[in-house]
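For the sequence shown, my numbering assigns the number 65 to the initial residue and increments by one for each residue that follows.
Using N, Cα and C, we set each Cβ at its ideal position, and we do this for glycine too.
Because the structure is a prediction, the values reported are computed rather than measured.
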Amino acid sequence: MKKRKAKERTLGDREQELRIRDKKLEKQSKGPIAKRNIEKRRKHRKPLCSLTKIQKRGTHSCSACKEEKPVESFYAYYDNANKLTKIWPTCILCDRKKHRTGRSSTLRERRLSCLLHYGKAKIGKLKCSSCGHKNTDALVLFDLRYKNEKALITLKVYKKLYEYKYPDIKFKLICYNCAHALLYSYKK
Ligand SMILES: [Zn+2]
Ligand SMILES: [Zn+2]
């Protein structure tokens with residue numbers, strides 16, 4: 065979560081980038097046409113609300129829910145003089161929502177695609193190969209190479225299987241009930 069945060073660009077970053085680019089252009093180009101082009105570019109650029117303005121106002125509008133919210137409901141950085149130096153474009157609530165749904169949906173999709181591939185079934189026709197149970201949340205791939213708990217595939221392994229484009233491993237599509245019954249029969 066924190067690592068991903070660091071990569072995201074904030075308003076402060078964007079402002080700094082634009083300023084650096086302007087300086088570079090001014091250095092590279094000489095003559096009246098170049099100057100005019102730079103001015104044109106500046107005119108057409110959307111005005112960025114400055115960080116000092118945001119801090120003065122005490123509120124900032126979230127780009128996801130479009131609500132005007134107090135600065136405290138955003139992730140932000142302050143310098144030693146308590147001056148706002150960075151603020152995230154979306155509020156903390158929207159940010160959390162985005163990360164949560166994004167992550168769980170891809171994991172869910174990958175797991176489902178693995179079940180479909182190794183279960184050799186079509187969407188909506190997934191079922192346990194021994195008892196016929198149909199709830200996809202209760203289904204699991206059973207790795208036939210193992211005869212202990214390792215045989216039950218975890219979310220991490222689904223991700224790996226998806227990344228390596230479904231390697232040729234023998235799996236049995238089975239519900240957790242039948243899987244544990246099978247494990248129990250191995251132990252006896
Ligand atoms: Zn929001
Ligand atoms: Zn079953």
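Between the alpha carbons of residue 78 and residue 115, how many angstroms are there, rounded?
Here the question's residue 78 lines up with position 14 in the sequence shown. Here the question's residue 115 lines up with position 51 in the sequence shown. The straight-line gap from Cα to Cα measures roughly 12 Å.
Which residues have their C-beta within less than 6 Å of a heavy atom of ligand 2, listed in chain order?
Counting every residue whose Cβ lies closer than 6 Å to a heavy atom of ligand 2, we get 192, 194, 195, 197, 238, 239, 241 and 242.
Kindly indicate the opening and closing residues of the alpha helix (DSSP H) around residue 227.
To locate residue 227, count along the sequence shown from 1; it is residue 163. Looking at the DSSP string, the run of the alpha helix (DSSP H) that includes residue 227 is 219 to 227.
By Cβ distance, which residues of its chain are closer than 7 Å to residue 183, with the 5 residues on each side in sequence left out?
Here residue 183 refers to the residue found at position 119 of the sequence shown. Hits under 7 Å: 190 and 237.
Mind pulling the beta strand (DSSP E) runs of 3 or more residues that sit fully within the stretch 112 to 158?
The qualifying runs are 123 to 125, 132 to 134, 138 to 142 and 148 to 155.
Grouping DSSP H, G and I as helix and E and B as strand, with all else coil, what is residue 84?
As a position in the sequence shown, residue 84 is number 20, starting the count at 1. Here residue 84 sits in helix by DSSP.
Smallest Cα separation from residue 119: which of 170, 245 and 150?
For the purposes of this step, residue 119 is taken as the residue at position 55 of the sequence shown. Looking at the Cα atoms, 150 is the closest of the given residues.
Give the secondary structure of residue 191 by DSSP, where H, G and I count as helix, E and B as strand, and everything else as coil.
Working through the sequence shown from its first residue, we reach residue 191 at position 127. Residue 191 falls in the coil class under three-state DSSP.
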